[in-house]
Structures are given as structure tokens and as C-alpha cells.
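Same order as they appear, the protein sequences are chains Y and F.
FYI, in our numbering the residues of the first sequence are 617 to 700.
FYI, in our numbering the residues of the second sequence are 11 to 250.
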Amino acid sequence: MDGDPDEYGLAALHAALAEDEQTAELGLDVQVRGGTLYLTGAVASEERKLAAGRLAQRHAGGLTVQNDLQVEHPRPPDDAEELP
Amino acid sequence: MIRVAAVGDIHLGAGDRGACRPAYEGMEGQADVLLLAGDLTRHGTAVEARVVAEEFAGLGVPVIAVLGNHDHHAGEPHQVTHVLEDTGITVLDGSSTVVDVAGERLGVAGAKGFGGGFVGRSAANFGEPEMKSFVGAALREAQALGAALEGLEADHVVALTHYSPTVDTLLGEPPEIHAFLGSYLLAEQIDAGGVALAVHGHAHHGTERGRTEGGVPVRNVARPVIDKAYALYHLGGARP
């Protein structure tokens, strides 16, 4: 992409994160703050974090991409909720 | 008392064999049943479904699932269902099952559900064919859940969907997309169905705990929301 992404550019990245076969992530967020493109949300593996980061880079124009995606490491619960 | 474990949105891909199994080993000491609230795969292929089937086979507790929107992406939900059921996972789609837990009967009615929105802010079955198709899908899914609940004989009944029956558990999601995350039509069926607990996924940025208009506890168990391998609920009372 030439130049910094505007709102439409960010919308295109958001759509690409959902629709690209390499990512298929519908729950991620993209924001530009202070000239940096931030990628936030949770993904299941380091590999998926990197794939989303690469896709964001392709849409980032001249912006720096900060990949703040968190990789989930789910563990069994410590307690249960009591319900009637 | 019946111990219900539940999680949604695990999104396993073809290369994820073995990725989540360790967190589920030994769960029969904690739970009597495991509910999977849809989006088990990334793209809804039979290959991914095989990974899901292997991850959840032989856990020592019955595994009951509904499919989610991701599980429909490749256009082969029937193959996905077939692969899961081949390894003993029960897949509900407008249907129900009853599990006997030490003499108590847990009934689970399941349907994927769909969007459409919530009271006063919902899509209407009017206008272009595309709109009628969208709302029609929501209506059909709610009716399918209602049909599954009807006549379900059990001591405790759980409604299992992928889409949310209430806005409560969407807190954290942009209100503009609520109509794509669930439908009050599901809650209407849940409130009429003598349900003790409603479980759903889909809303990754939502909140775990909410209620239907009728007061039925609703739990959003999308994995990013619960931040655990599964959430655990102890159902103690009798069916109202």
C-alpha cells in the first residue's frame, strides 16, 4: 500500500484479517495511534500471531506495526461457578 | 449436582494436532460433560474437523458440540459433523441429547443460532430477498432450538448455541455489531423451555455472565473471554 492507511485502509485490513485463509481471525482489533499501527486481540499460537502481523505489515503503508496480539495458553479452571 | 465444562471458539487448524489436548487430560475428575460452543475449526474443513475429533476423543466424559460460523466456512458442515460424530462427539443441530450422571439426567438442546439482533434493535423480515434470507436464518435457528427443547425430559436442561441469546454477554463488543453476534429469538425459546443454563460462544470481546429476560443464566464461554481451557459450572437445582 502507498502512503499511510486511512480509515478505509484500516477497514480493508480488518476485513483481510477475517477473510484471508492464512489468518481467518474475526476477533482482532486494528488501531493507529501516534503514527503506529497496533494489532490487538488474542490468538491461539505464535504462528498465528506472526501471520496476522505479516498481513498487517502489507496494509501498513509507511507505518510501523506493533504486534500486540496475545497468545493464549489456556489452562484448566481452578474453580467452578455454583448455579441453581 | 452435575458438573458442566464448556468452551467455545477453539479454532483448531490443520496444524494444531496436540495443541490443546494437555489442558483437557484428566478432566473427568472435574467435569461430567464437556460442551463445545461452536467454532471448533478455523475454516470448517473435514481435515480440521479430524484434528478437533482427535483432540477431544477419549476424554472420559461425553463431549457435546454445536457448530459455529467458522465450521460452515468451507461449505461442508455435514462432513465436519460426520467426522466429529465418528469419534463419539455428539453434534447438535436443532436436536437434543440426554446424559445420565449418577442417576441424574442432564438434557442438552443445541443449535448454532444466528444473528439478527436484540429487542428494539433487530433486523426485520422485510424488503430485499437478502434481508429476508438473513432474518429467515435467525428465525429457523431459533425454531430449531425451540423444537429441540420441546419434549426434552431431563432433571437439568442446558441450551447450547454458538450465537448469543442476550446482549448481556456481548458487553465489550461494539454495539454496532451486536446484530451479527446473536438474536433475542434464541432467548425467547430458552425462556419457554425450562432451561437451567444457556451457554454460547462467538463474542470474543464479550463478557462471561448474563441473563435472559426470563432470568435464565447465560454464559459466554468463548475461549478469549473465559481465558481458560474451559469454564466449569455446577448445576444443582431441579428443572423449574
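Beta carbons: idealized from backbone N, C-alpha and C, even for Gly.
Owing to the predicted nature of the structure, the values given are computational and were not obtained by experimental measurement.
The contact set of residue 691 of chain Y on chain F, defined by CB atoms closer than 7 Å, consists of 33, 238 and 239 in chain order. The stretch 222 to 235 of chain F makes contact with the stretch 192 to 204 of chain F, as at least three CB pairs between them are under 8 Å.
The Cβ atoms of residue 170 of chain F and residue 76 of chain F sit closer than 8 Å to each other.
By the rule that beta-carbons nearer than 8 Å mark a contact, residue 210 of chain F does not touch chain Y.
DSSP places residue 96 of chain F inside the alpha helix (DSSP H), whose first and last residues are 87 to 96. Excluding its 5 nearest sequence neighbours in each direction, residue 164 of chain F has C-beta neighbours in its own chain below 7 Å: 108, 115, 116, 117 and 249, listed in chain order.
Of all alpha-carbon atoms in F/212, F/72, F/61 and F/122, the one lying nearest the alpha-carbon of residue 152 of chain F is that of F/122. The beta carbon of residue 73 of chain F sits closer than 6 Å to those of 44, 66 and 99, all from its chain and outside the five residues before and after it, given in chain order. Here residue 139 of chain F is exposed: its Cβ has fewer than 16 other Cβ atoms, across all protein chains shown, within 10 Å.
Residue 666 of chain Y sits exposed, since fewer than 16 C-beta atoms from the chains shown fall within 10 Å of its C-beta.
The beta carbon of residue 243 of chain F sits closer than 8 Å to some beta carbon of chain Y. Taking 7 Å as the cut-off between beta carbons, none of the residues of the stretch 154 to 188 of chain F comes near chain Y. By the C-beta density criterion, residue 689 of chain Y is exposed, having fewer than 16 other C-beta atoms within 10 angstroms. Judged by DSSP secondary structure, residue 664 of chain Y falls within the alpha helix (DSSP H) whose first and last residues are 662 to 675. For the stretch 39 to 61 of chain F, the residues whose beta carbon sits under 8 Å from a beta carbon of chain Y are, in order, 40, 52 and 53. Between residue 82 of chain F and chain Y, the shortest Cβ-Cβ separation is not below 8 Å.
Look at residue 88 of chain F: its C-beta is not under 8 Å from any C-beta on chain Y. Per DSSP, the unbroken beta strand (DSSP E) holding residue 243 of chain F starts and ends at 241 to 245. Among the residues of chain Y, those whose CB is under 9 Å from the CB of residue 246 of chain F are 698, 699 and 700, following chain order.
Around the beta-carbon of residue 622 of chain Y, fewer than 16 other beta-carbon atoms lie within 10 Å, marking it exposed.
Going by DSSP, residue 59 of chain F is part of the alpha helix (DSSP H) stretching over 56 to 66.
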